[in-house]
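Worksheet: one structure, shown below.
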Amino acid sequence: MGFLRSCGRGDMTAHDPNLPARPNAATTYLYDAYDRAFVRERVAEFRDQVQRRLSGGLTEDEFRPFRLMNGLYLQLHAYMLRVAIPYGTLTARQMRQLAFIADRWDKGYGHFTTRQNVQYNWPQLVDVPEILDALADVDMHAIQTSGNCIRNVTADQFAAVAADEIEDPRPTTEFLRQWSSAHSEFSFLPRKFKIAVTGAEHDRAAIKVHDIGLRIVKNGQGEIGYEVLVGGGLGRSPFIGKTIREFVPRADLLAYLEAIMRVYNRFGRRDNKYKARIKILVHETGIDEIRSQVEKEFASMDLTPFSYDAQEFARVAAFFADPPYESLPKTSAALEQAKRENADFSNFVDVNVSPHKIDGYAIVTVSLKPIGGIPGDATSDQMRVLADASEKFGFGELRVSHEQNIVLPHVKKDDLFALWRMLDDFGLATANAGLISDIIACPGLDYCALATARSIPIAQAISRRFASLERQREIGKLGVKISGCINACGHHHVGAIGILGLEKKGEESYQITVGGDPTLKASIGQRLGPGLRAEEVPDVIEHLIQFYLAERLKDESFIETWRRLGHERFKELARREGEDGSDI
Amino acid sequence: MAPPRRPQILIASDLKSGDVVFLGASGWERDHRLARVAHDATEAAAFEAFGKNEIEKNHVVDMYLAEVEIGPGGVPTPLHYREKMRVMGPSVRRDLGKQAEWASSEAAGEAI
Chain Y
44 MGFLRSCGRG DMTAHDPNLP ARPNAATTYL YDAYDRAFVR ERVAEFRDQV QRRLSGGLTE
104 DEFRPFRLMN GLYLQLHAYM LRVAIPYGTL TARQMRQLAF IADRWDKGYG HFTTRQNVQY
164 NWPQLVDVPE ILDALADVDM HAIQTSGNCI RNVTADQFAA VAADEIEDPR PTTEFLRQWS
224 SAHSEFSFLP RKFKIAVTGA EHDRAAIKVH DIGLRIVKNG QGEIGYEVLV GGGLGRSPFI
284 GKTIREFVPR ADLLAYLEAI MRVYNRFGRR DNKYKARIKI LVHETGIDEI RSQVEKEFAS
344 MDLTPFSYDA QEFARVAAFF ADPPYESLPK TSAALEQAKR ENADFSNFVD VNVSPHKIDG
404 YAIVTVSLKP IGGIPGDATS DQMRVLADAS EKFGFGELRV SHEQNIVLPH VKKDDLFALW
464 RMLDDFGLAT ANAGLISDII ACPGLDYCAL ATARSIPIAQ AISRRFASLE RQREIGKLGV
524 KISGCINACG HHHVGAIGIL GLEKKGEESY QITVGGDPTL KASIGQRLGP GLRAEEVPDV
584 IEHLIQFYLA ERLKDESFIE TWRRLGHERF KELARREGED GSDI
Chain Z
144 MAPPRRPQIL IASDLKSGDV VFLGASGWER DHRLARVAHD ATEAAAFEAF GKNEIEKNHV
204 VDMYLAEVEI GPGGVPTPLH YREKMRVMGP SVRRDLGKQA EWASSEAAGE AI
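From first to last, the protein sequence lines are chains Y and Z.
In terms of this note's numbering, the first sequence opens at residue 44 and continues consecutively.
In terms of this note's numbering, the second sequence opens at residue 144 and continues consecutively.
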């Protein structure tokens, strides 16, 4: 936690380098005494700040930056606490504690977000220090989940288990977390700053729409390094990130990122919050000039504080070592039999189960998008079931995806049927991962003070319209993403179908975009036409889907059909349907 | 000072709980149906002055006037959908927020 900068030259870490990683734990970083002391100090500090606020020692203007740096917002109905889940990885114990907090201080549920965090919608200010202490009990916190600082660093939810991976991105991500936590120079940036890391060929972390995106790559000599992208982002002005360097050796990564942050901190605009993100700096200045500035800074800075300590990286990486997998055959007779005997289970396996790098194991995506449900919400009971399931079937480890689902990353194929039954009993077996009802949606105006329209009811209506899982599978993979305002927390710009809720003449109005893509082929969706009333949205989606199904070539996804036909064909469809009376 | 086009109520958030509160006859109320209504600019200015004083006393935060229409029995209802959401609670969870408390108190009333 900020330890990299707290140490002297040649001494890269404040941690005990001889302290071994705990064996057979869930594969995630485990706090040591240094980390725990840091978090407890922050809790005590915030407890004091809350007391001073309540007693009048701090005004709201003085208190706001403190509460935001500790993840506490004031929303439409109540305070909201955003808890960090670094690289989306949770242990069963941590998930149970999230359930406990939901019951003890909130209203029995939590909302998993597009940045792999979890939010509580109803905490009272007076209780927040207690909640933070409860989080610290399980090595968690809410630090830097808000404010103009480097936010929780995210990663591929299939890290370390995906078959297409070069390297687990989480040791790098943990390194970045420690570098960026309480980094004094970068605690008051022009605006918030988001970093995502992937180690796989297929980008599941949406690195091209982050302020900095890192892609672990190998150079011609087979050395591991990073392709560094900069200036991506969504919000009011969406941009796809640009490559600033194709290969940064691991030894230089922290220094290179430090150089980027320094250039942003120096030249990023502070006069206009809507133009303060690094994407605007890159866009207005040009990637070549930014690259030149960064390289100049990198060449002139004292690299010693950032010098690569292979021992420290190895220490961190050891926490992420594979769990003790069994040696199993590639196929499971029990699984195949259960699939034959149970069609619902067979659908679940086909849709929500992904290939694992180890024979005999599978990755399970647990959808938090039941038909007609609230995307990303989980009750405390569901959290406990997920914790139990992870312990029983998956080494006690869970992941949160930016699609607002939960992943069990290490499940034996032989256990899939038993797991499915367990999940099904608690409404957690919806077989729609990646399909049209697996909708990303921000909380929107049902909760958020910034929102201009509701997003959840739109997601629910679309989900109900396409409730048939058989039809969803016929449509195939399709990302629908909904934001309740231009800040784009629901990633609508990169939805194959994106929906943006706005206010128009005192009413909620929804703009549809088509053609967004969050992967390495990233693209920003284009507007289909004028805004719609809420009740019109499912019909328009229906028209788009029918058009796609009629026009697609064999095995062609929605986005591929859109690219082949061009946006004008989809706009023509929208105009034609509007003339027929649907008022698009 | 330009007169308000519509009647207004004063909305804020309680500092300790974050709960949405409304200026009523004798202080802050959690139920908008008990909110006092400003019918002219002078009353609205007095409401705002009271609210600013309450902010300085660290009782509430995020205070502002919202336009309302007056229904049967003089009950004010916000005109804008954002404030309609604030007086009720999330539209997707009728079991939460103020609407849930109304439902339970009405149910209790029926039982009595």
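Glycine included, C-beta positions come from ideal geometry on N, C-alpha and C.
query, result
"Leucine 478(Y): which of Lys456(Y), Ala430(Y), Asp468(Y), Ala539(Y) sits nearest, CA to CA?", "Ala539(Y)"
"Taking Cβ positions, are arginine 125(Y) and glycine 114(Y) nearer each other than 7 Å?", "yes"
"Ignore the nearest five residues each way along the sequence and tell me which others in glutamine 242(Z)'s own chain have a CB closer than 6 Å to its CB.", "Met231, Gly232"
"Can you list, in chain order, the stretches of the alpha helix (DSSP H) that have 4 or more residues and sit fully within the segment 183–249 of chain Y?", "213–223"
"Lysine 524(Y) lies in the beta strand (DSSP E); which residues open and close that run?", "523–526"
"Could you tell me which chain Z residues have their CB closer than 9 Å to the CB of lysine 524(Y), listed as they occur along the chain?", "By Cβ distance, chain Z contributes nothing, its closest Cβ being about 18 Å from lysine 524(Y), past 9 Å."
"Against aspartate 205(Z), what residues of chain Y qualify as contacts under a CB-to-CB distance less than 7 Å, listed in chain order?", "Leu117"
"Please report whether the beta-carbon of asparagine 201(Z) lies at a distance below 7 Å from any beta-carbon of chain Y.", "yes"
"Should proline 233(Z) be flagged as near chain Y, meaning a C-beta pair shorter than 7 Å?", "yes"
"For a minimum of 4 consecutive residues, which ranges assigned as the alpha helix (DSSP H) are wholly contained in the segment 213–246 of chain Z?", "224–231"
"Quick one, are the C-beta atoms of leucine 300(Y) and glycine 190(Y) less than 7 Å apart?", "no"
"Is it the case that the Cβ atoms of phenylalanine 349(Y) and alanine 302(Y) are separated by a distance below 7 Å?", "no"
"At what residues does the beta strand (DSSP E) containing serine 397(Y) begin and finish?", "396–398"
"Listing by chain order, which chain Y residues have their CB less than 7 Å from the CB of leucine 239(Z)?", "Lys150"
"Out of Pro581(Y), Ala474(Y), Trp463(Y), point me to the one whose CA is closest to isoleucine 505(Y)'s CA.", "Pro581(Y)"
"Closer than 7 Å, Cβ to Cβ, to anything on chain C: give me those residues from the segment 169–184 of chain Z, in chain order.", "This model lacks chain C altogether; the protein chains it does include are Y and Z."
"To the nearest angstrom, report how far apart tyrosine 307(Y) and glutamate 228(Y) are at their CA atoms.", "12 Å"
"Are the C-beta atoms of lysine 159(Z) and some chain Y residue less than 7 Å apart?", "yes"
"Could one say the Cβ of valine 634(Y) lies closer than 7 Å to chain Z's Cβ atoms, at least one of them?", "Residue 634(Y) is absent from the model: chain Y starts at 44 and stops at 627."
"Kindly confirm or deny that the segment 573–587 of chain Y and the segment 495–503 of chain Y touch, where touching means at least three C-beta pairs closer than 8 Å.", "yes"
"Using 7 Å as the threshold, is the C-beta distance between cysteine 528(Y) and threonine 495(Y) below it?", "yes"
"Would you kindly work out how many angstroms separate the C-alpha atoms of leucine 158(Z) and leucine 101(Y), rounded to a whole number?", "12 Å"
"Give me the chain Y residues within the contact set of arginine 229(Z), using Cβ-Cβ distance strictly less than 8 Å, ordered along the chain.", "Leu119, His120"
"Write down the C-beta distance between lysine 524(Y) and histidine 534(Y) rounded to the nearest angstrom, noting that I regard them as a contact closer than 8 Å.", "5 Å"
"What does glycine 153(Y) pair with, by DSSP beta-bridge criteria?", "Ala421(Y)"
"Is the number of C-beta pairs between the segment 173–180 of chain Z and the segment 132–145 of chain Y that are closer than 8 Å three or more?", "no"
"Helix, strand or coil for glycine 256(Y)? Go by DSSP, reduced to three states.", "strand"
"Which of the three DSSP states is assigned to valine 520(Y) in this structure?", "Looking at the sequence shown, residue 520(Y) is not valine but lysine. Residue state, collapsed to three classes: coil."
"Expressed to the nearest angstrom, what Euclidean distance is found between the alpha-carbon atoms of proline 66(Y) and serine 410(Y)?", "Residue placement at proline 66(Y) is poorly supported in this model, since its pLDDT is 43, which falls under 50; the coordinates still yield a value, given next. Rounded to the nearest angstrom, the two C-alpha atoms are 30 Å apart."
"Hey, how far is the Cα of arginine 293(Y) from the Cα of asparagine 201(Z)?", "50 Å"
"Could you give the residue range of the alpha helix (DSSP H) that holds glycine 533(Y)?", "Careful: glycine 533(Y) lies outside any alpha helix (DSSP H) and carries neither H nor E."
"Closer than 8 Å is the cut-off here; do at least three beta carbon pairs connect the segment 454–474 of chain Y with the segment 383–390 of chain Y?", "yes"
"Thinking C-beta only, is proline 452(Y) closer than 7 Å to valine 181(Y)?", "no"
"Can you tell me which of Glu84(Y), Ile406(Y), Asp91(Y), Ala361(Y) puts its alpha carbon nearest to the alpha carbon of alanine 206(Y)?", "Ile406(Y)"
"Between alanine 121(Y) and the rest of its own chain, which residues show a CB-CB distance below 8 Å, the 5 nearest in sequence each way excluded?", "Asn164, Trp165, Pro166, Gln167"
"For glutamine 554(Y), which residues in chain Z fall below 7 Å Cβ to Cβ?", "Neighbours of glutamine 554(Y) on chain Z: none; closest Cβ ~17 Å, over 7 Å."
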